Amino acid sequence: MSVVEQEKTGAHAAATTEPLLSVRNLVQEFVSRGVGGVKTGVVHAVSNVSFDLMPGETLGIVGETGSGKSTLARSIIQAPRAKSGEVVFRGQDLMTLSHHGLKKARHDMQMVYQDPFGSLNPRWRVEDVVAEPLLAQGGLSRDARRERVHELLNLVGLDPATYCRRRPLELSGGQAQRVAIARAIALNPALIICDEAISSLDVLIQAQVLNLFEKLRSELGLSYLFIAHDLATVKQVSDRVAVMHLGQLAEVGPAEQLYLTPRHPYTRALLDSIPGLDPETGAARRPVPLAGEPPSPLDPPSGCRFRTRCPRAQEKCAVEEPLLTDHGNGHHVACHFPLEDLSATIPGPREGTVGLAAGAE
Amino acid sequence: MNASHETLSDLTGAPVATRGPAVAPEGLTVPGSRPSPRRKAGRGETREAVLEVTDLRVAFSREGRTVHAVNGLSYEVRAGEMLAIIGESGSGKSVSTRALMGLLPPSARVTGSARLGDTELVGMSEKAMRRLRGCDLAMVFQDPARSLNPTMRIGAQIVEAIRAHSERNGLDKKGAQARAIELLKLVRLPAPERRFHEYPHQLSGGMRQRVMIAIALAGDPKVLIADEATTALDVTTQAQIMELLVDLQERLGMAVIMISHDLGLAASYAQEVLVMYAGKAVEYAETEDLFSNVRMPYTRALLGAIPQLTTEAHSLLPVIGGQPPDLSALPQGCAFRPRCVNAQDDCAVAPTLDEHEPGHWFACWHPAESRRTPAAEAARNGSTAATGTPAATGNPLSKGGEA
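These protein sequence lines are chains A and B, in that order. Residue numbering for the first sequence follows this note's numbering, starting at 3 and increasing by one per position. Residue numbering for the second sequence follows this note's numbering, starting at 11 and increasing by one per position.
Following this line, the structure appears as C-alpha cells:
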C-alpha cells in the first residue's frame, strides 16, 4: 500500500515540519475463540493503515461500527500493542519502546472516551480525577497541583469553586466530559485522541464541547485524532478526514475537498445517509440508504472490502485489492472506479444512487 | 402470558368506553383545547386522529421531592402519519410515551387524558393495559441488544409476542411460526427462515432492530412508538430502518410517534413535529411549516447547534449556555427563560402553547421573527431568485453558487 505523503496543503502544517504522528502499515488482528478456546477465526480489525498527522492538525476518522476506528486509536497508544507496523510519535517508534519508555511517551498523548461516566471513577471527586495524571507524573507540590487543577477546570469552563468537590454522578453528561477533557490536557499533551467523545451528548451540549475542543486547539496548539461515526460531527473540527471501512482507509483528504467531491463510493454513501436540515430554509434532505449489511471483519470479502455493497462494483473489485492512491492535492482514494472529480465540472445532479433527494415530500 | 378471558375486540370496541378503569374521570379532558396542526385546504382530507393526548402530566415523588417530568402535554397522531417528538435528554419525551403504555414505576403520578380510539389510557387498570400493550400500542426501544433476550432464538421471541395475543389473532403455535416468518419478511430481514433459528448475538445491530420492529408489529398496532429507535445505529443503518418504518407506516396505515433528538431525522421523515422542553410542548406544527419558519428560540438554538456538512473547519458553532432546568425546581414562568436570548421580564409568566399562525403552535412571548409575513416572503423570494435557489439544487455542499 502506498504511503500517505505529507500534505502539501495542510491548513496548519508547514511543508518543512516533521509529522507529529506517523502511522505506517499498521495491522491489528484478534483471534476469535469459540467454546474451549478453539480458534474460530481472525478478526481483521485494522489492516495496513498508514497516515500522518502534522503538529496542530486535526484528522477526523469516520467509519461505521466495526470499521476498526477505535481499535486504530488503541493500537496507536499501544493498548494493546498492534500486531505489526510502525507508530512513530515525535520521532520515536512506539512499537519498539519498552514499557517504561511507553509510559513516558503517553504523557504527550491522551485519550477522551465516549462515555464520561464510564471513564471517571464514580467515587473520586472531580479534583482528584484531574489531579491524578499530575500525581502520576510527580514533581509538583500539593499546592501547585491544586493550583493547576483549578487552572485546568477554568480552561474547560467549569467553575472550580462549584465543581472541585463534586463526584462524577453529581455532574451532567456535558460537565463530566469537560472533566475528562481537563484530565486529558493536564500534562500538556501534544496529541489528544477523541474516541467518539461527543457522541453520547445532547446536541446543544455537543456544540458546547465541540467549541471547547476548538478553543483548546487554538490556545494550546493541540493536535487531535477525532474519531466519530458521523461525517457531520467531524466537519467543524477537522483539517483532514479519513474514512475507514472494515479496517482499511477508504479515502483520506482535506476535509473541504472530501465533503464537496468524495471520490470513494463509500464516502458518498455515508454523506447521503446523513439526514440533513438547512437551518436557514428549513429544507430537509432525506437520506438515501445504502443497501445491505456491512460484511464481517472475521471474513472480509476478497479484493475491495466494500464491493458487496458498492453500486459501482465490477469483476476487478473482487480480484484485486484497490490501493490508496493519490488523486492530487493530498486526496487519497482506495477504489478501482472512483467517482468523478466534480470540482472540475459544474455541480449538477449526480448519476444513479448517488444523487441527493431534495427535501421531504 | 396473558390469562384474560375477555376478547380484545371488547377492549377496543365502542362499548368498552363505558367500562370502569378504562374511562377517564369526567372533567379531565377539555374538549377543543388540544392543539392540532390542522391540515390545510387543498392538501387532501384530514385523516382521523387515532391517538389524542390532552394535558398529560407525569410527576415522580421521592424523598419529599417531586420531579415534574411532563407538564401538560397535548398532541394528536393520525393513522398513516408520523409525529416526531423532539427534545434533549430529560425533556420528558420518553416519559410521556411510557406513561401512555403504562410502563412507568408506581411512584409516577399520571394525570390528563390519552385516548386511543374510544379507549382512555390514563388510569387504565394494569390488567386491561396488558391486553392493549403490544397490540394496539407498541414500542420499539433504543438499544435492540438490550431489548432482546440473549438466550432465546429470535424466532421464539417473535412467536412469544404473537402468542401473547392469541385470543385476538387465534393463531396456534404452527400458525404463529408462519406469521413470525411473515413478519421477518415484512421488516426485510435477509434470509428470514434461517434467521428465525438464530440468536440475537448472531445478528448485526440493524438486523436486531428489524427483529424488534417485527415483534412490535406482532399485534397489528394502531400506534407504534419508536423511542430513539435509530440512535444506537450507524447512519447507513439508520437510513435503512427509517425507510422501513415509513414504508410500514404507509402500508399498514399505522400512526408512528418517533422520539428523537435529531432534528434532521424528524425533518426528513415526519409529517408533524413537536418540540419539547422541560416537559412541555414549546413548538408544534407540520414539519415544513415548523422548520421553514422556526419561531420558538429554543428550537432555533437546537437548529443552530446541528453540525452541518458546510461548516467551515475551526469555526465555532452558535451555542446557548446553561443546562436544561432541574425538573424538581422549575423556574417561574417560561422554563427556557434562563437560557433564552430573547428573554424579558414578562417571561416570568409562563406562555401557553397557542396557534399563532394557521397550524403553527408555539409557547413564547418573544418569538423569532416570522418568515410568513408578506414582507419577509417577498424578501426571501427576491433573494432566492437572485442566487439561483440554492435550496432547490439539493446539494448540501453547494454553497449558493460559489463553488
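Cβ atoms here follow ideal geometry from the backbone N, Cα and C, with glycine treated the same way. Predicted model only: the values in this text are computed from it and were never measured.
With DSSP collapsed to three states, give me the class of residue i.
| i | result |
| --- | --- |
| B/R53 | Here the model assigns B/R53 a pLDDT of 48, short of 50, so the residue's position is not dependable and the matter cannot be decided. |
| A/R35 | strand |
| B/I191 | helix |
| B/P202 | helix |
| A/E20 | coil |
| B/K183 | helix |
| A/E172 | helix |
| B/C374 | coil |
| A/H333 | coil |
| A/N387 | With chain A covering 3 to 363 only, the question about residue 387 of chain A has no answer from this structure. |
| A/F91 | strand |
| A/T98 | helix |
| A/H152 | helix |
| B/M92 | strand |
| A/R242 | strand |
| B/Y209 | coil |
| A/V158 | coil |
| A/S225 | strand |
| B/T129 | strand |
| B/E98 | coil |
| A/D343 | coil |
| A/P324 | coil |
| B/M268 | strand |
| A/L122 | coil |
Please confirm whether residue i and residue j have their CB atoms less than 8 angstroms apart.
| i | j | result |
| --- | --- | --- |
| B/A118 | B/V68 | yes |
| B/T241 | B/Q152 | yes |
| A/H1 | A/G62 | Given a span of 3 to 363 for chain A in the structure shown, any question on residue 1 of chain A remains unanswerable. |
| B/G90 | B/G289 | no |
| B/Q219 | B/I251 | yes |
| B/V329 | A/L206 | yes |
| B/G165 | B/A188 | no |
| B/P210 | B/L158 | yes |
| A/P277 | B/D244 | no |
| B/G343 | B/A360 | yes |
| A/S202 | A/G175 | yes |
| A/L273 | A/P264 | yes |
| B/I223 | B/V150 | yes |
| A/I187 | A/L218 | yes |
| B/V80 | B/V105 | yes |
In the DSSP assignment, the beta strand (DSSP E) including residue i goes from what residue to what residue?
| i | result |
| --- | --- |
| B/G417 | This structure cannot settle anything about residue 417 of chain B, because the visible part of chain B is limited to 11 through 413. |
| A/N50 | 41-55 |
| B/E367 | 364-367 |
| B/E296 | 290-296 |
| A/Q112 | 111-114 |
| B/L61 | 59-72 |
| B/E282 | 282-287 |
| B/M149 | 147-150 |
What residue range is occupied by the uninterrupted alpha helix (DSSP H) comprising residue i?
| i | result |
| --- | --- |
| B/V221 | 215-227 |
| B/L312 | 307-315 |
| B/L158 | Element bounds for B/L158: n/a, residue is neither H nor E. |
| B/R125 | Unbroken run through B/R125 is the beta strand (DSSP E), 118-126; no alpha helix (DSSP H). |
| B/V105 | 103-110 |
Given the structure, does residue i come close to the ligand SAM, in the sense that its CB is under 7 angstroms from one of the ligand's heavy atoms?
| i | result |
| --- | --- |
| B/S325 | Ligands in the displayed structure: none, and consequently the ligand SAM is not present. |
Run down chain E in chain order and give the residues with a C-beta less than 7 angstroms from the C-beta of residue i.
| i | result |
| --- | --- |
| B/Q152 | Absent from the structure: chain E. Protein chains present are A and B. |
Short of 8 angstroms Cβ to Cβ, which residues in the stretch 78-99 of chain A face chain B? Those would be none; no residue qualifies.
Beta carbons nearer than 8 angstroms to chain A: which residues of the stretch 80-99 of chain B have them? Taking 8 angstroms as the upper bound on Cβ-Cβ separation, chain A lies near residues E98, S99 of the stretch 80-99 of chain B.
Looking at chain A, which residues of the stretch 219-243 of chain B have a Cβ within less than 7 angstroms of any of its Cβ atoms? Within the stretch 219-243 of chain B, no residue has its Cβ closer than 7 angstroms to any Cβ of chain A.
Counting beta carbon pairs with one atom in the stretch 134-153 of chain B and one in the stretch 173-180 of chain B, are three or more of them shorter than 8 angstroms? Three or more Cβ pairs drawn from the stretch 173-180 of chain B and the stretch 134-153 of chain B lie within less than 8 angstroms of each other, which places the two stretches in contact.
The stretch 266-297 of chain B: positions lying closer than 8 angstroms to chain A by Cβ: So the close ones are H271, D272, L273, G274, L275, A277, S278, Y279, T297.
Could you please tell me which residues of the stretch 315-331 of chain B, in chain order, have their CB closer than 9 angstroms to any CB of chain A? Here the close residues are A315, I316, P317, Q318, L319, T320, T321, E322, A323, H324, S325, L326, L327, P328, V329, I330, G331.
Beta carbons nearer than 9 angstroms to chain B: which residues of the stretch 236-252 of chain A have them? Per Cβ criterion, the list reads V236, K237, Q238, V239, S240, D241.
Near-chain B residues of the stretch 204-218 of chain A (beta-carbon distance less than 9 angstroms), N- to C-terminal order: Listed in sequence order: D204, V205, L206, I207, Q208, A209, Q210, L212, N213, E216, K217.
Taking one C-beta from the stretch 279-289 of chain B and one from the stretch 89-108 of chain B each time, how about it: are there three or more such pairs within less than 8 angstroms? The stretch 279-289 of chain B is in contact with the stretch 89-108 of chain B.
Counting Cβ pairs closer than 8 angstroms, one from the stretch 113-129 of chain A and one from the stretch 41-57 of chain A, do we hit at least three? With a cut-off of 8 angstroms, the stretch 41-57 of chain A and the stretch 113-129 of chain A do not count as touching, because too few Cβ pairs lie within range.
Closer than 8 angstroms, Cβ to Cβ, to anything on chain B: give me those residues from the stretch 151-174 of chain A, in chain order. From the stretch 151-174 of chain A, only S174 have a Cβ closer than 8 angstroms to chain B.
Is the stretch 34-50 of chain A touching the stretch 299-309 of chain A in the sense that three or more CB pairs, one from each, lie closer than 8 angstroms? Yes, they touch.
Residues of the stretch 360-379 of chain B with a CB closer than 8 angstroms to any CB of chain A: list them in chain order, please. Taking 8 angstroms as the upper bound on Cβ-Cβ separation, chain A lies near no residue of the stretch 360-379 of chain B.
Give a yes or no on contact between the stretch 17-37 of chain A and the stretch 67-85 of chain A, applying the rule of three or more CB pairs nearer than 8 angstroms. The stretch 17-37 of chain A is in contact with the stretch 67-85 of chain A.
Does the pairing of the stretch 284-292 of chain A with the stretch 323-343 of chain A give three or more beta-carbon distances under 8 angstroms? No: the two stretches stay apart, fewer than three of their Cβ pairs being nearer than 8 angstroms.
Quick one: which residues of the stretch 45-71 of chain A get their C-beta closer than 7 angstroms to a C-beta of chain B? List them in chain order. Cβ contacts with chain B: E66, T67.
Touching by the beta-carbon criterion (3+ pairs, under 8 angstroms), the stretch 253-262 of chain A and the stretch 86-96 of chain A: Not touching, per the Cβ criterion.
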